[in-house]
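Okay, so here's the structure we're looking at.
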Amino acid sequence: MKVSRRTRVVTGGALAAAVALGGFGAWSASASSPAPAVQTAAVAAKGAAKSDAKSAGLVRSTHLSIGAATEAAQAALKAAQKENQRVSVAVVDRDGNTLVTLRGDGAGPQSYESAEKKAYTAVSWNAPTSELVKRLDNAPTLKDIPGTLFLPGGVPVTAKDAPVAGVGVAGAPSGDLDEKFARAGAAALAG
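When the letters of the sequence shown are read in order and numbered with mature numbering (1 follows the signal peptide of the UniProt record, and there is no 0), they come out as residues -31 to -1, 1 to 160.
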């Protein structure tokens, strides 16, 4: 059976209109009543973020820019290089997403992932990973949480007493050195 070009155009247009209207209907239905989880998150975040009166249900939060994250990573790497240490550095945002990772010349292959996990762990608990290691005595299953690494070398970055990022360093011969370099990265953001 042969279908004319005009029939194909009319049928295609009708189909496109139906899909568009269906999508619009789904969007407007979801926009008219926010999900309870979103409302609960907004209430929970009320103390940490400002509510925008013009946009009920939305909150503002502070995020580290890519430029600032790069500056922090470079400062940590430079501090390590001054002491002839071969490390990797990672900076993650408040949600644990990697913003910047720098692998120093000669850094071991394991250091890249370890730096990311240390940064993620520090921002997740808003505490240096050296302090979190001590918590394993009372809660040994903390180390089983995916994506975390409970070794010294990760520090949180805060703004207005809330975590906004984490800096992780891995590859030095001791966790104390890793953390020293991570602190140099975090300090670059304060100055």
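Positions of the beta carbon are idealized from the N, C-alpha and C atoms, including for glycine.
A Cβ-Cβ contact shorter than 8 Å links A131 with T31.
A41 sits in a helix when the DSSP states are folded into three classes. Inclusion of S57 and T70 in the CB contact set at 8 Å is warranted, their separation being smaller than that value.
In the DSSP assignment, D147 falls within the alpha helix (DSSP H) that extends over G144 to A159. Shown here, T90 sits in a helix according to DSSP, grouped into three states. DSSP places P115 in the coil class of the three-state scheme, outside both helix and strand. Within the same chain, Cβ atoms closer than 6 Å to the Cβ of R152 are found at V124, the five residues on either side in sequence being excluded. For T98, the enclosing alpha helix (DSSP H) covers residues T98 to R104. For T70, the secondary structure class from DSSP, reduced to helix, strand or coil, is strand.
Nearest neighbour of R63 by Cα position, chosen from K103, G122, I35 and S143, turns out to be I35. Buried is the label assigned to E148, since at least 16 other Cβ atoms lie within 10 Å of its Cβ. Where V28 is concerned, there is no enclosing beta strand (DSSP E), because DSSP gives it neither an H nor an E. Straight-line measurement puts the Cα of K86 at about 17 Å from the Cα of R104. Taking C-beta separations shorter than 6 Å and ignoring five residues to either side along the sequence, the partners of G144 in its chain run L120, P121 and G122, following chain order.
By the CB criterion at 8 Å, G65 and S93 fall inside the cutoff. A Cβ-Cβ contact shorter than 8 Å links G77 with G140.
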